[in-house]
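The structure under discussion appears below in the form of structure tokens.
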Amino acid sequence: MIELRDVAYSYGGGELFSGLSLSLAPGSFHFLTGPSGAGKTTLLKLCYGDLVPTSGAVALWGEDTTGMARDGLALNRRRIGVVHQDCQFLDHLPLTDNVALPLTVAGRHQEAEAYLPDLLAWVGLTRHAKRRPPELSGGERQRAALARAVIMSPEVIIADEPTGNVDWDMSQRLLALLVELNRMGKAVLIATHDMNLIRSAKAQVAVRTLRLKDRQLIAAGAEL
Amino acid sequence: MKRAAWQALSFLAGDVQADRTVPPTGFTARLTLFTAAAMALLTVFALALSLATGRLAARWGEELAQTSTLRISAPAEQLAAQTAAALDVLRTTPGIARARALTEEEEQALLTPWFGPDLPLDALPIPQLIEIEEEGDGYDATGLRARLQAEVPGAVLDDHTRWREPLVAAAGRLRALGALAILLIGASTAAMITLAAQSALSANAQVIRVLRLVGARDAYITRAFVRRFTLRALTGAAAGTLAGGVLLALLPGAARGTDSFLTGIGLAGADWLWLLPIPPLAAAVAFAATRMAARRMLERQS
Ligand SMILES: Nc1ncnc2c1ncn2[C@@H]1O[C@H](COP(=O)(O)OP(=O)(O)O)[C@@H](O)[C@H]1O
Ligand SMILES: [Mg+2]
Chain E
1 MIELRDVAYS YGGGELFSGL SLSLAPGSFH FLTGPSGAGK TTLLKLCYGD
51 LVPTSGAVAL WGEDTTGMAR DGLALNRRRI GVVHQDCQFL DHLPLTDNVA
101 LPLTVAGRHQ EAEAYLPDLL AWVGLTRHAK RRPPELSGGE RQRAALARAV
151 IMSPEVIIAD EPTGNVDWDM SQRLLALLVE LNRMGKAVLI ATHDMNLIRS
201 AKAQVAVRTL RLKDRQLIAA GAEL
Chain U
1 MKRAAWQALS FLAGDVQADR TVPPTGFTAR LTLFTAAAMA LLTVFALALS
51 LATGRLAARW GEELAQTSTL RISAPAEQLA AQTAAALDVL RTTPGIARAR
101 ALTEEEEQAL LTPWFGPDLP LDALPIPQLI EIEEEGDGYD ATGLRARLQA
151 EVPGAVLDDH TRWREPLVAA AGRLRALGAL AILLIGASTA AMITLAAQSA
201 LSANAQVIRV LRLVGARDAY ITRAFVRRFT LRALTGAAAG TLAGGVLLAL
251 LPGAARGTDS FLTGIGLAGA DWLWLLPIPP LAAAVAFAAT RMAARRMLER
301 QS
């Protein structure tokens, strides 16, 4: 579904990484780790077409993101649920509208009512449904971002440090949601520093852990 | 046509949910409303000016083209003979329907406003006036002058064209100026709304980024902005047109339809219908300007 072949990326200075290949197949579950600044967020952005590689190719469902028309990219993004590191909400709208936004822009807002109550309950935000994002804590925003990422029932879920600001119990709950979606056949890719999260995931599903270090993507060793 | 109208209506009615995705933009909203209202008001006046001058040009042209005057100045003993000769010439000139020598009473009446009623007409060498009514396309003035010079040396043909032409031309130019003003107003409106839309778009760059990240297509984002600006332009222009219409109706003398140019700048009867297209045209200008600005912005952001 998402395919990176021999990808390199540079913001203008030196190359952040190069010769990187990765394939997200249905039902796969990947963790991406690495030191801060290694390029995890950049790699995820390449996966949902927010950036295009400086060399190599990224293909979404067989179509190259380099030179992809904006509308084509938009349609592909509806199949990928993303939890952004900085959440990316519309601050003037209440939480419910933010969570339902992918449905709204796809012209399917009327379907939101069917999913919203369960989804908000799952991430523990039912009480805050009418609040606007700036009125929420960092952890609450991350939970809302996860709810938004899955509301379209996407084929791929990409999350950038989704448990960075939430406590242990909540991180287990979010993980349980992702594991459940993975069991339904969705591909999951999570960038995280949280080794405990990776360990609990391993206890539930087959997980591949990748490490971004020294400009290379390597399979993480047995230390996990 | 019906389909286009339906599309325009459903576009204006919009989708409440889609509308809320772009936050309200107070400043650009007010700017657009004000611009559209002011420009519509100016358009109403430019239109009234254009229509009034057009009307005047037509009337002057028509009235003056239909009549001319022959003036015969001769020693008293030759006056009657020359008048008769002139009438003969005129009667045989193609394009002249009727020619009639004014009676003494009529000439007196013409002169009274200038010299008072006690003018002793007999004692003065008053020229004889012959009123000519034209028919069809009128007569050949040059040819008639040549014939008159040979047969009636004291005759001077005043066919009014000498002063009619510049007047009609001036009215025509005023009318063209009115049309030019309307075009300029339209262009300025487009420019102002483009600026307002650009400002709203850059103020909402982050909103646009979020919309694109969750899979919004260009058309969705563009529509959210375009709809707003179109509605504002429509509302503003409707208010401006209404205000302009009321002011025109209140102009002194407009309703009485007097001849004077200044009191003639009103709208009469069916002329009022010309005001109806102003708000939809302003909306169309806003639609096109905002859509272009939004598309350029999306092009640059990707
Ligand atoms: N827009 C940008 N322009 C220039 N440099 C950037 C930009 N975004 C990130 N970087 C740099 O690229 C490197 C990798 O960033 P990032 O992908 O966010 O790493 P990580 O998510 O692993 O912490 C960092 O050194 C960061 O400073
Ligand atoms: Mg990061």
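Chains as they are written, first to last, in full-length UniProt numbering: chain E, 1 to 224; chain U, 1 to 302.
Glycine included, each C-beta is placed from N, C-alpha and C at the ideal position.
Predicted model, so just to flag it, every value in this text is computed and none were measured.
How would you call residue i, buried or exposed, if buried means at least 16 neighbouring beta carbons within 10 angstroms?
i, result
"U/G257", "A caution first: U/G257 carries a pLDDT of 47, below 50, which makes its placement in the model unreliable, though a value can still be read off. Label assigned to U/G257: exposed."
"E/K130", "exposed"
"E/E161", "buried"
"E/L212", "buried"
"E/F89", "buried"
"U/T53", "buried"
"U/T43", "buried"
"U/D137", "exposed"
"U/A255", "Note that U/A255 scores 46 on pLDDT, short of 50, meaning its location in the model is unreliable; the coordinates nonetheless yield the value given after this. Looking at its Cβ environment, which holds fewer than 16 other Cβ atoms inside 10 Å, U/A255 is exposed."
"E/Y11", "exposed"
"E/E140", "buried"
"U/T32", "buried"
"E/S137", "exposed"
"U/L47", "buried"
"U/T222", "buried"
"U/F115", "exposed"
"U/R175", "buried"
"U/A219", "exposed"
"residue 304 of chain U", "Nothing can be reported for residue 304 of chain U, as the shown portion of chain U is limited to 1 through 302."
"E/S28", "buried"
"U/Q82", "buried"
"E/M152", "buried"
"U/D159", "buried"
"U/S50", "buried"
"E/R199", "exposed"
"E/P154", "buried"
"U/L9", "exposed"
"E/L116", "buried"
With residue i and residue j assumed to form a contact (beta carbons below 8 Å), what rounded beta-carbon distance in angstroms separates them?
i, j, result
"E/G124", "E/M170", "7 Å"
"E/G39", "E/L16", "4 Å"
"U/V152", "U/R71", "Not a contact, Cβ separation roughly 11 Å."
"U/A141", "U/I193", "Their Cβ separation, rounded to whole angstroms, is 53 Å, which puts U/A141 and U/I193 out of contact at 8 Å."
"U/P279", "U/A40", "7 Å"
"E/T104", "U/T21", "7 Å"
"E/A53", "E/A8", "As written in the sequence, residue 53 of chain E is Pro, which differs from the Ala given in the question. Between E/A8 and E/P53 the Cβ distance is about 6 Å, and since that is below 8 Å, they are a contact."
"E/T205", "E/V179", "It is Val, not Thr, that sits at residue 205 of chain E in the sequence shown. Confirmed, about 5 Å."
"E/V156", "E/L51", "Their Cβ separation, rounded to whole angstroms, is 17 Å, which puts E/V156 and E/L51 out of contact at 8 Å."
"U/G236", "U/F34", "7 Å"
"E/R132", "E/L93", "7 Å"
"E/V150", "E/H30", "That pair is no contact at about 17 Å."
Given a cut-off of 9 Å on the beta-carbon distance, is the pair residue i and residue j in contact?
i, j, result
"U/A101", "U/Q78", "no"
"U/T28", "U/A203", "yes"
"U/L231", "U/A170", "no"
"E/G164", "E/Q85", "yes"
"U/A289", "U/A181", "no"
"E/T96", "E/L75", "no"
"E/S21", "E/L4", "yes"
"U/E135", "U/T67", "no"
"E/T65", "E/A191", "no"
"E/L210", "E/A201", "no"
"E/D6", "E/G56", "yes"
"E/L177", "E/L197", "no"
"U/A205", "U/A293", "no"
"E/N98", "E/R148", "yes"
"U/A86", "U/A99", "yes"
"E/V83", "E/A159", "yes"
"E/M184", "E/R79", "no"
"U/I126", "U/L111", "yes"
"U/G266", "U/L248", "yes"
"E/R127", "U/R217", "no"
"U/A36", "U/T189", "yes"
"U/A187", "U/F225", "no"
Next on the checklist: What are the residues in the stretch 214-246 of chain U lying within 9 Å of chain E by C-beta distance?
Outcome noted: V214, G215, A216, R217, D218, A219, Y220, I221
Next on the checklist: As a quick check of your reading: which residues have a C-beta less than 6 Å from at least one non-hydrogen atom of ligand 2, in chain order?
Outcome noted: E/K40, E/T41, E/Q85, E/D160
Checklist entry - Of the residues that make up the stretch 40-67 of chain U, which ones have a beta carbon closer than 8 Å to any beta carbon in chain E? => result none
Checklist entry - For the stretch 21-34 of chain U, which residues have a beta carbon sitting closer than 7 Å to at least one beta carbon of chain E? => result T21, P23
Item to check | Within 9 Å of chain E by C-beta, residues of the stretch 185-206 of chain U in sequence order | outcome: Q206
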